[in-house]
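Structure first, commentary second.
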Amino acid sequence: MTARKKIAKYITELTSELNIDHAMNLFESGNLSSLDVLDLIVYIETTFNITISDDDIGIENIGSIDNMVKFIEKVV
10 MTARKKIAKY ITELTSELNI DHAMNLFESG NLSSLDVLDL IVYIETTFNI
60 TISDDDIGIE NIGSIDNMVK FIEKVV
């Protein structure tokens, strides 16, 4: 399964939203709570064996599924 599919599946499980636009800002849309974001960060770190620093946490890296995939590809 690709990184995109893994992340989309996990976010669907977190939010119960079935049709999430991969370019949509998940923070501004209200789809993710602050606890969901923490869960998502732990999921990404564990699944892709990477470390996300405090400086990396932001809309540009984890604001949308597209941004998360780009960030993971850059780090891995």
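Count along the sequence shown starting at 1, add 9, and that's the number in our numbering. The beta carbon of each residue, even a glycine, is placed where N, CA and C say it ideally should be. All values reported here derive from a predicted model rather than from experimental measurement.
Identify the continuous alpha helix (DSSP H) that holds residue i and give its terminal residues.
i	result
Phe80	74-84
Asp21	According to the sequence provided, residue 21 is Thr. The question's Asp does not apply to it. It spans 12-24 - the alpha helix (DSSP H) in which Thr21 sits, taken as one unbroken run.
Glu37	Neither: Glu37 is in no alpha helix (DSSP H) and is coded neither H nor E.
Asp64	No alpha helix (DSSP H) holds Asp64; DSSP gives it neither H nor E.
Ser42	It is not in any alpha helix (DSSP H) - Ser42 carries neither H nor E in the DSSP assignment.
Is residue j closer than 8 Å to residue i when the C-beta atoms are compared?
i	j	result
Phe57	Ile29	no
Leu35	Ser73	yes
Val78	Ile20	no
Thr24	Leu44	no
Asp75	His31	yes
Ile68	Ile59	no
Rounded C-beta distance between residue i and residue j? I'm assuming under 8 Å.
i	j	result
Ile71	Leu49	7 Å
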